[in-house]
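Visitor: Sharing a structure, written as structure tokens. Questions coming.
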Amino acid sequence: MSELAEKVQQDLVAAIDNDDLVLPTLPEVALQIRKAAEDPEISVSDLSKVIGRDTALSARLIKVVNSPLLRAAQEVTDLHTAITRLGINYSSNLAIGLVMEQIFNARSEVVEQKMREVWRSSLEIAGVSYALCRRHTQLKPDQAALGGLVHQIGVLPILTYAEDHNELLSDAVSLTHVIEQIHPLLGEKLLRVWEFPERLVHLPLLYQDFSRDSARIDYVDVVQVANLYCRKDTDHPFARIDPFSVPAFRKLGIDPENKQFCADLEESRSMFY
Numbered sequence: 001m002s003e004l005a006e007k008v009q010q011d012l013v014a015a016i017d018n019d020d021l022v023l024p025t026l027p028e029v030a031l032q033i034r035k036a037a038e039d040p041e042i043s044v045s046d047l048s049k050v051i052g053r054d055t056a057l058s059a060r061l062i063k064v065v066n067s068p069l070l071r072a073a074q075e076v077t078d079l080h081t082a083i084t085r086l087g088i089n090y091s092s093n094l095a096i097g098l099v100m101e102q103i104f105n106a107r108s109e110v111v112e113q114k115m116r117e118v119w120r121s122s123l124e125i126a127g128v129s130y131a132l133c134r135r136h137t138q139l140k141p142d143q144a145a146l147g148g149l150v151h152q153i154g155v156l157p158i159l160t161y162a163e164d165h166n167e168l169l170s171d172a173v174s175l176t177h178v179i180e181q182i183h184p185l186l187g188e189k190l191l192r193v194w195e196f197p198e199r200l201v202h203l204p205l206l207y208q209d210f211s212r213d214s215a216r217i218d219y220v221d222v223v224q225v226a227n228l229y230c231r232k233d234t235d236h237p238f239a240r241i242d243p244f245s246v247p248a249f250r251k252l253g254i255d256p257e258n259k260q261f262c263a264d265l266e267e268s269r270s271m272f273y
């Protein structure tokens, strides 16, 4: 580790421990959706009004419903029908995840590009997590998708920090190292501050532990397999991991070399674009 990376890491860890690190807030529309979804009497029409305040988000949900994995014989063209098709809880969780894109903005071109890379990979991993969960587990696909969307969320505070520290921003190697070392800890802290469900809060900390072998299939397993699938044939370090050594594949009953498995997942990568 370079001296710069070590210093930044120490500074960030100290800021985390002392609660001095300014963390991004959950977008207002996400808070409104969560509040609406917590109402047991909420109707599709009421939820449509809340989500409909964000036209871009509404369009994304309609697109998801019309994706190859979910589309029916007749194309869905309005938000009310989309929510009816998905269900209230389903729609709420997906909407909260997709609205995270609003946090991904930056002042500098370098940070903006890095944020876009993180968000794009999160979208792909969310789509694959959704498909894996739906086809190979009894877990909730919308929760798996939400987990995929937020498992790298801890990168954001680091990039925000880098914007105010040019020495880190100009040293790509150190920045990458700091992100790899710190983002899991920050991600868990963020999700806890945002009051995400406990089953997802630990995702950032655990998804990189490919020797992990829990007693039951959980969302960490799903996001792990999605990560390895999306990173294969790339220069990412995950591409060098032997999937046959990863317990999550065994628990999901998946052969990573099965051509049909790969073909089934490929269309899900763009599900949330």
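Using UniProt numbering, read the sequence shown as starting at 1 and increasing by one per residue. Cβ coordinates follow ideal geometry from the N, Cα and C atoms, glycine included. The structure presented is a predicted model; accordingly, all values stated were derived computationally and were not measured.
Going residue by residue through the stretch 14-64, where are the continuous alpha helix (DSSP H) segments of at least 4 residues, counting only ones entirely within it?
Guide: Those alpha helix (DSSP H) runs which fall completely within the stretch 14-64 and span 4+ residues are 28-37, 44-51.
Visitor: With DSSP collapsed to three states, give me the class of residue 299.
Guide: Beyond the ends of the chain as shown, which are 1 and 273, falls residue 299; an answer cannot be given.
Visitor: Excluding the 5 residues flanking Tyr229 on each side, which residues of the same chain have their C-beta closer than 7 Å to its C-beta?
Guide: Residue numbering aside, residue 229 sits at position 229 when the sequence shown is read from its first letter. Excluding sequence neighbours, Tyr229 sits near Val128, Leu265.
Visitor: Can Gly187 and Gly154 be called in contact, C-beta distance under 8 Å?
Guide: Taking the first residue of the sequence shown as position 1, residue 187 is located at position 187. Taking the first residue of the sequence shown as position 1, residue 154 is located at position 154. In this structure, Gly154 lies closer than 8 Å to Gly187 by Cβ.
Visitor: Enumerate, from N- to C-terminal direction, the unbroken beta strand (DSSP E) stretches of 3 or more residues contained entirely within the stretch 57-131.
Guide: If we require 3 residues or more, the stretch 57-131 turns out to have no beta strand (DSSP E) run fully inside it.
Visitor: Report buried or exposed for Gln224, applying the criterion of at least 16 other Cβ atoms within 10 angstroms of its Cβ.
Guide: Sequence index remark: in the sequence shown, residue 224 carries index 224 (1-based). With 16 or more other Cβ atoms within 10 Å, it is buried.
Visitor: Determine the closest residue to Asp221 out of Val150, Lys232, Gln208, with distance taken between C-alpha atoms.
Guide: The count along the sequence shown starts at 1 and reaches residue 221 at position 221. Among Val150, Lys232, Gln208, the Cα nearest to that of Asp221 is on Gln208.
Visitor: Could you check the C-alpha separation between Ala36 and Arg71 for me, to the nearest Å?
Guide: As a first step, residue 36 must be located in the sequence shown, where it is residue number 36. As a first step, residue 71 must be located in the sequence shown, where it is residue number 71. Going from the Cα of Ala36 to the Cα of Arg71 covers about 26 Å.
Visitor: Would Leu168 and Leu23 be called neighbours here (beta carbons separated by less than 8 Å)?
Guide: Position 168 of the sequence shown, counted from the first residue, corresponds to residue 168. Position 23 of the sequence shown, counted from the first residue, corresponds to residue 23. Not in contact: Leu168 and Leu23 (Cβ atoms no closer than 8 Å).
Visitor: As a quick exercise: from Thr77, Arg34, Phe244, Val13, pick the residue whose alpha carbon is nearest that of Phe210.
Guide: Within the sequence shown, residue 210 is the residue found at index 210, counting from 1. Minimum Cα distance to Phe210 is reached at Phe244.
Visitor: Which term fits Arg101, buried or exposed, when burial requires 16 or more other beta carbons within 10 angstroms of its beta carbon?
Guide: Within the sequence shown, the letter at position 101 stands for residue 101. This sequence places Glu at residue 101; Arg is not what is there. Flag for Glu101 reads buried.
Visitor: Decide yes or no for the touch test of the stretch 123-141 against the stretch 72-85: beta carbon pairs closer than 8 Å, at least 3 of them.
Guide: No: fewer than three Cβ pairs fall under 8 Å.
Visitor: So what does DSSP say about Lys259, is it helix, strand or coil?
Guide: As a working note, residue 259 is residue 259 in the sequence shown. Of the three classes helix, strand and coil, the one that applies to Lys259 here is helix, per DSSP.
Visitor: In angstroms, rounded to a whole number, what distance separates the CA positions of Arg192 and Asp19?
Guide: One-based indexing of the sequence shown puts residue 192 at position 192. One-based indexing of the sequence shown puts residue 19 at position 19. Spanning the two alpha carbons is a distance of roughly 13 Å.
Visitor: Arg135 by DSSP, collapsed to three states: which one?
Guide: For the purposes of this step, residue 135 is identified with residue 135 of the sequence shown, where counting begins at 1. Three-state DSSP puts Arg135 in a helix.
Visitor: Taking C-alpha atoms, which residue in His177, Ile83, Phe272, Leu26 lies nearest to Glu195?
Guide: One-based indexing of the sequence shown puts residue 195 at position 195. The shortest Cα separation from Glu195 among His177, Ile83, Phe272, Leu26 belongs to Leu26.
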